[in-house]
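Trainee:
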């Protein structure tokens, strides 16, 4: 008798070996028609995989994220098959599912894949899909696998790193690929496909290796789903922060300055300053003290913290002084500096917690192919803070940071997010520093705090920082992709490595616990997602330019300047459009620049000491005194 435990805790018993599809049929025929993959004892498998002992089983449909993963990974096989139909000499490498769709990395040799080839590949994929071939997984010896891929150095390298018993091939129709499994029952449920783009990608992510062509695609069980996705894709292009950043004058890049190093233009700088002032005000209320640290630090600082071991090989190389023999690093993290600030004084338990906050700019090397607008850069500013507290204060402090992060998200309209508890990989502990005991305490604290704050969470193993677990706030952008913005981390390890202590009530030395936190995450990524979520229509209090004054002729420019000065006295700032253009064109241009208010002034307004107010998206609000408009604005702009 085999007992199958389902996610709701119910148990089903079978007289002999069963499969996920048989389990689905025992529940309902409707479920059986929709099941496309399964999780058996934590491993994703095909619906026909035999289950020969008591197991926990989760049945997956298209509506499950892991169901989509199986669907898209299977579609990557169809993509590879179609590519070989047209490019028989191409060498396949790997083809995983990603958050939205899939890709396959291919060495096309001397041939070139261009956008004009996408349509024929899509048609060929659907031709193969309609044959409704089943995906068959079977084991292969290492010797046979190497023989099969003797002319493919990429697959050969993958196989070389595997042992006998770990190697499986997957076949559908006449196409065979090296693969661990996790496929849909058959190709027939793939009804719509789209090849999205092709880009360069280094083999195994190393610039030392050959550059391949990464072909991106997406697929769906219904044409309607693809149509809706492509509509969202067009909307995402309209909201692309790189496009909006250029149109609205927020930021720019310069080849001479360097890749991944954004230049903040006046409007972008004003936007950043307002965000900094907003968070600084909230932090001051929360008892934070503000500090500043250098952009570089002695290499020894990062050796002590562990960042050298973590980033040394991939980060910027040390800066060496020619005579003194010293080595410095561009700062990859602010936390080691804050540890040294804590050490400048001796603290009692009565002095804790100490909360140090800094908008600290850090630098990390990212491969040029990984750079993407503001979301992935080489220099970025974290809204960083580090809290040094006693173990008894940890839970209260952690929950206060959760409250602060939720306040930030609510104030800026971020509602579509998931809180992710990022834990250590239990099977690869050598990636992390510190004792098991400290890790268990830190992980327990985060799980407990999230539960007490009634957060809906998901747990991800292997996503912790090297020094401690995290609570990450994963925000969705306009296309549904998830980005990590806010983060809160518990750290027992750096206080130990830096020999931090405080005098306890027993007059003995004790280690503080350290909380790392950044509600924005980084100013760059936060502003990128903010641009895309708002399409550039920022909350009124945050708009870089809050109004434009439109004199109907040059005779009223002086009055426009007077109005602007009076509004500045209320801390309301904007522009004067004194171009020799018709008022209608000025209004249209102001709308395109997403300016919240247009204040038209002419003879009547000058005589009455008023402005004629237009609000973006609402139209004419009528004539107001300058004082009345200021009061109306400040009420509307209240956070």
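In UniProt numbering, the protein residues as written are 1 to 639. Idealized CB from N, CA, C, for every residue including glycine.
1. Have a look at 460, 425, 481, 396 and flag the residue whose alpha-carbon is nearest the alpha-carbon of residue 452.
2. Pick from 271, 110, 368, 48: whose alpha carbon is nearest that of residue 186?
3. Check whether the region 2–18 touches the region 55–69, counting contact only when three or more Cβ pairs, one atom from each stretch, lie closer than 8 Å.
4. Would you kindly work out how many angstroms separate the C-alpha atoms of residue 180 and residue 163, rounded to a whole number?
5. For residue 93, does the three-state DSSP call read helix, strand or coil?
6. Can you tell me which of the three DSSP states residue 99 falls into?
7. To test your reading of the DSSP string, which unbroken alpha helix (DSSP H) runs of 4 or more residues are found completely within the region 307–383?
8. Within the same chain, show all residues whose beta-carbon is closer than 6 Å to that of residue 136, passing over the 5 residues directly before and after it, in chain order.
9. Taking one C-beta from the region 301–310 and one from the region 327–341 each time, how about it: are there three or more such pairs within less than 8 Å?
10. Taking just the CA atoms, how far does residue 3 sit from residue 40?
11. By the 10 Å Cβ neighbour count, where 16 or more other Cβ atoms means buried, how is residue 297 classified, buried or exposed?
12. Compare the C-alpha of residue 200 against each of 531, 554, 477, 367 and name the closest.
13. Would you mind sorting residue 7 into buried or exposed? The rule is 16 or more other CB atoms within 10 Å of its CB.
14. Our contact map puts residue 449 next to residue 515 with C-beta atoms below 8 Å; I'd like the distance itself, whole angstroms only.
15. Please report the distance separating the alpha-carbon of residue 422 from that of residue 461.
16. Is residue 526 buried or exposed, if buried means 16 or more other CB atoms sit within 10 Å of its CB?
17. Give me the Cα-Cα distance between residue 593 and residue 547, rounded to the nearest whole angstrom.
18. In angstroms with no decimal places, state the Cα-to-Cα distance between residue 599 and residue 635.
19. Rank 377, 144, 312 by C-alpha distance to the C-alpha of residue 252 and give the top, closest one.
20. Cα-Cα, which of 67, 96, 104 is closest to residue 84?
21. Quick one: Cα of residue 265 to Cα of residue 392, how far?
22. Taking its Cβ as the centre, do 16 or more other Cβ atoms sit within 10 Å of residue 331, making it buried, or is it exposed?
23. Quick one: give me the first and last residue of the beta strand (DSSP E) that residue 564 is part of.
24. Relative to the alpha-carbon of residue 620, which residue among 627, 603, 587, 637 has its alpha-carbon at the smallest distance?
25. Could you tell me the alpha carbon to alpha carbon distance between residue 62 and residue 517, rounded to whole angstroms?
26. Per DSSP, which residues does residue 483 bridge with? Please list them.
27. Would you decide whether residue 124 is buried or exposed? Buried here means 16 or more other CB atoms lie within 10 Å of its CB.
28. Taking the straight line between their C-alpha atoms, what separation do you get for residue 72 and residue 53?
Mentor: Put simply:
1. 396
2. 48
3. yes
4. 13 Å
5. coil
6. coil
7. 307–311, 335–342
8. 171
9. yes
10. 12 Å
11. buried
12. 367
13. exposed
14. The pair is not a contact, with the Cβ atoms about 10 Å apart (cut-off 8 Å).
15. 6 Å
16. buried
17. 11 Å
18. 17 Å
19. 377
20. 104
21. 45 Å
22. buried
23. Unbroken run through residue 564 is the alpha helix (DSSP H), 557–568; no beta strand (DSSP E).
24. 587
25. 36 Å
26. 475
27. buried
28. 29 Å
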